[in-house]
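Visitor: In the numbering used here, the protein residues as written are 15 to 316.
#1: Might you give, ordered along the chain, the residues of its own chain that have their beta carbon closer than 6 Å to the beta carbon of residue 155, omitting 5 neighbours on each side?
#2: How far does the alpha helix (DSSP H) with residue 51 in it reach, from first residue to last?
#3: Suppose only complete runs of 4+ residues qualify. What are the alpha helix (DSSP H) ranges in the region 67 to 115, listed by chain order?
#4: For a quick check, are the C-beta atoms of residue 136 and residue 213 less than 7 Å apart?
#5: What do you reckon, are the CB atoms on residue 185 and residue 171 nearer than 7 Å?
#6: Suppose you measure from the CA of residue 54 to the CA of residue 302; what does that come to, to the nearest Å?
#7: Going by Cα to Cα distance, which pick from 41, 61, 235, 282 is closest to residue 100?
#8: With C-beta atoms as the reference, is residue 66 less than 7 Å away from residue 122?
#9: Unbroken beta strand (DSSP E) runs of length 3 or more, entirely within the region 147 to 185: which are they?
#10: Under three-state DSSP, which class holds residue 236?
#11: So residue 320 and residue 88 are supposed to be a Cβ contact under 8 Å. How far apart are they, rounded?
Below is the structure:
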(Lines of atoms letter the chains of each structure in order from A and count residues from 1; the text may use other names and numbers.)
(Lines give C-alpha, C1' and ligand atoms only; values in the text may rest on other atoms or scores of the structure.)
Protein backbone atom coordinates (compact mmCIF):
# COMPACT_ATOMS: atom_id res chain seq x y z
CA UNK A 1 0.00 0.00 0.00
CA UNK A 2 1.33 3.46 -0.84
CA UNK A 3 0.63 6.79 -2.46
CA UNK A 4 1.50 8.36 -5.75
CA UNK A 5 4.21 11.00 -5.41
CA UNK A 6 2.11 14.07 -6.00
CA UNK A 7 0.67 17.11 -4.20
CA UNK A 8 -2.78 17.24 -2.66
CA UNK A 9 -4.67 20.41 -1.89
CA UNK A 10 -3.47 22.38 1.12
CA UNK A 11 -1.58 19.66 2.95
CA UNK A 12 1.38 21.28 4.62
CA UNK A 13 0.12 24.76 3.78
CA UNK A 14 2.59 26.66 1.65
CA UNK A 15 5.52 24.43 2.51
CA UNK A 16 4.90 22.30 -0.57
CA UNK A 17 5.43 19.01 1.23
CA UNK A 18 4.48 15.92 -0.69
CA UNK A 19 3.59 12.44 0.38
CA UNK A 20 4.24 9.20 -1.38
CA UNK A 21 7.56 7.65 -2.31
CA UNK A 22 10.62 9.63 -1.35
CA UNK A 23 9.76 12.96 0.32
CA UNK A 24 6.85 11.62 2.36
CA UNK A 25 8.85 8.77 3.82
CA UNK A 26 11.09 11.27 5.63
CA UNK A 27 8.23 13.31 7.12
CA UNK A 28 6.49 12.03 10.22
CA UNK A 29 4.15 14.42 12.00
CA UNK A 30 4.38 14.58 15.81
CA UNK A 31 1.27 12.64 16.82
CA UNK A 32 1.70 10.03 14.10
CA UNK A 33 5.22 9.46 15.41
CA UNK A 34 3.94 9.13 18.98
CA UNK A 35 1.23 6.67 17.98
CA UNK A 36 3.76 4.55 16.11
CA UNK A 37 6.13 4.56 19.08
CA UNK A 38 3.36 3.75 21.56
CA UNK A 39 1.90 0.85 19.58
CA UNK A 40 5.17 -0.71 18.46
CA UNK A 41 6.69 -0.04 21.88
CA UNK A 42 3.95 -1.87 23.77
CA UNK A 43 4.13 -4.80 21.36
CA UNK A 44 7.92 -4.97 21.72
CA UNK A 45 7.72 -4.91 25.53
CA UNK A 46 5.23 -7.79 25.42
CA UNK A 47 7.40 -9.75 22.98
CA UNK A 48 10.48 -9.26 25.20
CA UNK A 49 8.60 -10.41 28.28
CA UNK A 50 8.83 -7.01 29.96
CA UNK A 51 5.04 -6.81 30.02
CA UNK A 52 2.55 -9.65 30.65
CA UNK A 53 1.49 -11.91 27.79
CA UNK A 54 -0.96 -10.80 25.12
CA UNK A 55 -3.70 -12.88 26.75
CA UNK A 56 -3.13 -11.20 30.12
CA UNK A 57 -2.92 -7.74 28.56
CA UNK A 58 -6.16 -8.44 26.69
CA UNK A 59 -7.85 -9.39 29.96
CA UNK A 60 -6.56 -6.25 31.65
CA UNK A 61 -6.84 -3.68 28.86
CA UNK A 62 -8.92 -5.25 26.06
CA UNK A 63 -12.50 -4.12 25.51
CA UNK A 64 -15.55 -6.29 26.05
CA UNK A 65 -19.14 -5.19 26.52
CA UNK A 66 -19.29 -7.67 29.39
CA UNK A 67 -16.64 -5.87 31.48
CA UNK A 68 -17.19 -2.23 30.61
CA UNK A 69 -18.32 -1.43 34.18
CA UNK A 70 -15.34 -3.12 35.83
CA UNK A 71 -12.84 -1.92 33.19
CA UNK A 72 -13.99 1.63 32.34
CA UNK A 73 -10.57 2.41 30.84
CA UNK A 74 -10.85 -0.33 28.22
CA UNK A 75 -12.55 1.73 25.43
CA UNK A 76 -9.27 3.68 25.21
CA UNK A 77 -6.63 1.14 26.20
CA UNK A 78 -7.77 -1.72 23.96
CA UNK A 79 -6.51 0.03 20.83
CA UNK A 80 -2.90 0.03 22.07
CA UNK A 81 -2.68 -3.75 22.56
CA UNK A 82 -2.19 -5.99 19.50
CA UNK A 83 -2.38 -9.73 19.14
CA UNK A 84 0.71 -10.25 16.98
CA UNK A 85 3.37 -8.62 14.85
CA UNK A 86 1.33 -8.61 11.63
CA UNK A 87 -1.63 -7.13 13.52
CA UNK A 88 0.33 -4.13 14.78
CA UNK A 89 2.35 -3.86 11.54
CA UNK A 90 -0.61 -3.45 9.20
CA UNK A 91 -2.45 -1.07 11.52
CA UNK A 92 0.60 1.13 11.95
CA UNK A 93 1.44 1.05 8.25
CA UNK A 94 -1.98 2.59 7.63
CA UNK A 95 -1.30 5.24 10.28
CA UNK A 96 2.12 5.88 8.71
CA UNK A 97 0.70 6.43 5.22
CA UNK A 98 -2.64 8.12 5.91
CA UNK A 99 -1.86 9.92 9.17
CA UNK A 100 0.72 12.63 8.31
CA UNK A 101 -1.29 14.46 5.61
CA UNK A 102 -4.35 14.37 7.86
CA UNK A 103 -2.46 15.65 10.88
CA UNK A 104 -1.01 18.50 8.82
CA UNK A 105 -4.49 19.40 7.57
CA UNK A 106 -6.28 19.04 10.92
CA UNK A 107 -3.61 20.08 13.38
CA UNK A 108 -2.11 17.71 15.93
CA UNK A 109 -4.67 17.89 18.77
CA UNK A 110 -7.64 17.58 16.42
CA UNK A 111 -6.06 14.60 14.64
CA UNK A 112 -5.39 12.78 17.92
CA UNK A 113 -8.89 13.54 19.16
CA UNK A 114 -10.42 12.16 15.97
CA UNK A 115 -8.24 9.03 16.09
CA UNK A 116 -9.21 8.26 19.68
CA UNK A 117 -12.91 8.99 19.18
CA UNK A 118 -13.06 6.62 16.20
CA UNK A 119 -11.42 3.95 18.35
CA UNK A 120 -13.84 4.50 21.22
CA UNK A 121 -16.77 4.51 18.77
CA UNK A 122 -15.61 1.19 17.37
CA UNK A 123 -15.66 -0.27 20.88
CA UNK A 124 -19.11 1.10 21.64
CA UNK A 125 -20.37 -0.55 18.44
CA UNK A 126 -19.97 -3.91 20.16
CA UNK A 127 -22.53 -2.87 22.76
CA UNK A 128 -25.02 -1.99 20.03
CA UNK A 129 -24.39 -5.32 18.28
CA UNK A 130 -24.34 -7.48 21.40
CA UNK A 131 -27.24 -9.63 20.19
CA UNK A 132 -25.34 -10.42 16.99
CA UNK A 133 -21.74 -10.80 18.12
CA UNK A 134 -22.04 -11.61 21.81
CA UNK A 135 -19.42 -10.13 24.15
CA UNK A 136 -15.99 -10.90 22.66
CA UNK A 137 -12.83 -9.19 23.90
CA UNK A 138 -11.29 -7.00 21.22
CA UNK A 139 -7.80 -5.50 21.00
CA UNK A 140 -6.03 -3.44 18.36
CA UNK A 141 -6.26 -0.04 16.67
CA UNK A 142 -8.23 -1.18 13.61
CA UNK A 143 -11.33 0.88 14.44
CA UNK A 144 -9.30 4.07 14.84
CA UNK A 145 -7.33 3.25 11.68
CA UNK A 146 -10.49 2.78 9.61
CA UNK A 147 -11.70 6.18 10.84
CA UNK A 148 -8.43 7.76 9.70
CA UNK A 149 -8.71 6.09 6.30
CA UNK A 150 -12.25 7.44 5.94
CA UNK A 151 -11.15 11.00 6.73
CA UNK A 152 -8.34 10.74 4.19
CA UNK A 153 -10.69 9.46 1.48
CA UNK A 154 -13.20 12.18 2.31
CA UNK A 155 -10.58 14.91 2.02
CA UNK A 156 -8.70 13.48 -0.97
CA UNK A 157 -11.21 11.11 -2.64
CA UNK A 158 -9.29 10.74 -5.89
CA UNK A 159 -5.84 10.21 -4.39
CA UNK A 160 -4.41 7.00 -5.90
CA UNK A 161 -3.59 4.26 -3.40
CA UNK A 162 -1.24 1.61 -4.78
CA UNK A 163 -2.27 -1.81 -3.54
CA UNK A 164 0.76 -4.14 -3.36
CA UNK A 165 2.67 -1.22 -4.94
CA UNK A 166 1.20 -2.15 -8.34
CA UNK A 167 -2.55 -1.66 -8.63
CA UNK A 168 -3.74 1.97 -8.31
CA UNK A 169 -7.17 2.53 -6.80
CA UNK A 170 -8.76 5.82 -5.78
CA UNK A 171 -9.00 6.38 -2.04
CA UNK A 172 -12.79 6.71 -2.08
CA UNK A 173 -13.19 3.34 -3.81
CA UNK A 174 -10.71 1.61 -1.55
CA UNK A 175 -12.45 2.80 1.62
CA UNK A 176 -15.83 1.93 0.10
CA UNK A 177 -14.70 -1.61 -0.65
CA UNK A 178 -13.24 -2.03 2.83
CA UNK A 179 -16.42 -0.65 4.38
CA UNK A 180 -18.65 -3.03 2.45
CA UNK A 181 -16.36 -5.89 3.39
CA UNK A 182 -16.58 -4.95 7.06
CA UNK A 183 -20.38 -4.72 6.83
CA UNK A 184 -20.69 -8.12 5.17
CA UNK A 185 -18.33 -9.74 7.65
CA UNK A 186 -20.23 -8.21 10.56
CA UNK A 187 -23.50 -9.62 9.24
CA UNK A 188 -21.77 -13.01 8.98
CA UNK A 189 -20.46 -12.72 12.54
CA UNK A 190 -21.70 -16.14 13.58
CA UNK A 191 -19.64 -17.78 10.81
CA UNK A 192 -16.60 -15.50 10.54
CA UNK A 193 -14.27 -15.61 13.52
CA UNK A 194 -10.84 -14.37 14.54
CA UNK A 195 -11.17 -10.78 13.30
CA UNK A 196 -13.39 -8.11 14.87
CA UNK A 197 -14.87 -6.86 11.59
CA UNK A 198 -17.57 -5.01 13.52
CA UNK A 199 -14.80 -2.83 15.03
CA UNK A 200 -13.71 -1.83 11.51
CA UNK A 201 -17.31 -0.96 10.69
CA UNK A 202 -17.69 0.90 13.98
CA UNK A 203 -14.65 3.04 13.25
CA UNK A 204 -16.00 3.95 9.82
CA UNK A 205 -19.47 4.80 11.15
CA UNK A 206 -18.07 6.87 14.01
CA UNK A 207 -15.79 8.76 11.64
CA UNK A 208 -18.66 9.43 9.23
CA UNK A 209 -20.93 10.79 11.97
CA UNK A 210 -18.12 12.93 13.36
CA UNK A 211 -17.16 14.41 10.00
CA UNK A 212 -20.66 14.80 8.59
CA UNK A 213 -22.49 16.11 11.64
CA UNK A 214 -19.67 17.50 13.78
CA UNK A 215 -20.51 21.15 13.11
CA UNK A 216 -24.18 20.83 14.06
CA UNK A 217 -23.32 18.78 17.14
CA UNK A 218 -20.79 21.41 18.18
CA UNK A 219 -23.28 24.24 17.66
CA UNK A 220 -25.92 22.56 19.81
CA UNK A 221 -23.38 21.75 22.51
CA UNK A 222 -22.17 25.35 22.59
CA UNK A 223 -25.73 26.65 22.83
CA UNK A 224 -26.38 24.35 25.78
CA UNK A 225 -23.26 25.69 27.49
CA UNK A 226 -24.16 29.27 26.70
CA UNK A 227 -21.00 29.67 24.62
CA UNK A 228 -22.47 30.16 21.16
CA UNK A 229 -19.76 30.60 18.53
CA UNK A 230 -16.85 29.34 20.66
CA UNK A 231 -16.26 26.14 18.76
CA UNK A 232 -13.14 25.20 20.68
CA UNK A 233 -15.20 24.35 23.77
CA UNK A 234 -16.57 21.23 22.11
CA UNK A 235 -13.52 20.27 20.08
CA UNK A 236 -15.72 18.71 17.42
CA UNK A 237 -16.00 21.05 14.48
CA UNK A 238 -12.26 21.72 14.15
CA UNK A 239 -11.77 18.52 12.18
CA UNK A 240 -14.54 18.83 9.62
CA UNK A 241 -13.71 22.51 9.10
CA UNK A 242 -9.98 21.92 8.76
CA UNK A 243 -10.13 19.13 6.18
CA UNK A 244 -12.90 20.76 4.17
CA UNK A 245 -15.78 18.40 4.86
CA UNK A 246 -19.20 18.83 6.38
CA UNK A 247 -22.70 19.70 5.46
CA UNK A 248 -22.54 23.13 3.90
CA UNK A 249 -20.08 25.25 1.99
CA UNK A 250 -17.92 27.35 4.28
CA UNK A 251 -17.49 30.72 2.66
CA UNK A 252 -16.11 33.43 4.94
CA UNK A 253 -18.86 35.49 6.56
CA UNK A 254 -18.64 39.15 5.65
CA UNK A 255 -20.70 40.54 8.53
CA UNK A 256 -17.80 40.75 11.03
CA UNK A 257 -20.03 39.67 13.88
CA UNK A 258 -19.13 37.91 17.10
CA UNK A 259 -18.78 34.57 15.35
CA UNK A 260 -16.17 36.09 13.01
CA UNK A 261 -14.13 37.39 15.93
CA UNK A 262 -14.29 34.00 17.63
CA UNK A 263 -13.07 32.39 14.42
CA UNK A 264 -10.20 34.89 14.16
CA UNK A 265 -9.23 34.04 17.75
CA UNK A 266 -9.30 30.33 16.96
CA UNK A 267 -7.10 30.75 13.88
CA UNK A 268 -4.62 32.97 15.74
CA UNK A 269 -4.40 30.37 18.51
CA UNK A 270 -3.71 27.74 15.86
CA UNK A 271 -0.93 29.89 14.36
CA UNK A 272 0.66 30.39 17.77
CA UNK A 273 0.55 26.66 18.50
CA UNK A 274 1.42 25.16 15.11
CA UNK A 275 2.66 28.00 12.86
CA UNK A 276 1.32 29.41 9.59
CA UNK A 277 1.88 26.15 7.72
CA UNK A 278 -0.85 24.54 9.82
CA UNK A 279 -3.55 26.76 8.25
CA UNK A 280 -5.69 25.32 5.48
CA UNK A 281 -6.90 27.26 2.45
CA UNK A 282 -10.26 28.18 4.03
CA UNK A 283 -8.57 29.66 7.08
CA UNK A 284 -6.09 31.64 4.97
CA UNK A 285 -8.93 32.99 2.83
CA UNK A 286 -10.89 33.93 5.94
CA UNK A 287 -7.95 35.85 7.45
CA UNK A 288 -7.36 37.68 4.15
CA UNK A 289 -11.04 38.67 3.98
CA UNK A 290 -11.11 39.91 7.57
CA UNK A 291 -7.85 41.81 7.09
CA UNK A 292 -9.17 43.63 4.02
CA UNK A 293 -12.45 44.38 5.79
CA UNK A 294 -10.85 46.01 8.81
CA UNK A 295 -8.32 47.94 6.70
CA UNK A 296 -11.15 49.44 4.65
CA UNK A 297 -13.06 50.59 7.76
CA UNK A 298 -16.75 50.14 8.59
CA UNK A 299 -19.39 50.21 5.89
CA UNK A 300 -21.53 53.32 6.46
CA UNK A 301 -23.74 53.03 3.38
CA UNK A 302 -27.48 52.74 3.95
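All C-beta atoms, glycine included, are put in the ideal place defined by N, C-alpha and C.
Every value quoted in this text rests on a predicted model; they were computed, and no experiment measured them.
Guide: A quick look at the data gives this:
#1: Same-chain partners within the cutoff: 93, 105.
#2: That run of the alpha helix (DSSP H) goes 44 to 61.
#3: You should have 68 to 75, 88 to 91.
#4: Yes, Cβ-Cβ distance for residue 136 and residue 213 is below 7 Å.
#5: Yes, the pair counts as a contact, with Cβ atoms nearer than the cut-off.
#6: Answer to the nearest angstrom: the Cα atoms are 43 Å apart.
#7: Of the candidates 41, 61, 235, 282, the one whose C-alpha sits nearest the C-alpha of residue 100 is 61.
#8: Not a contact, by the Cβ cut-off of 7 Å.
#9: Listed in chain order, they are 174 to 177, 181 to 184.
#10: DSSP places residue 236 in helix when its eight states are reduced to three.
#11: Given a span of 15 to 316 for the chain in the structure shown, any question on residue 320 remains unanswerable.
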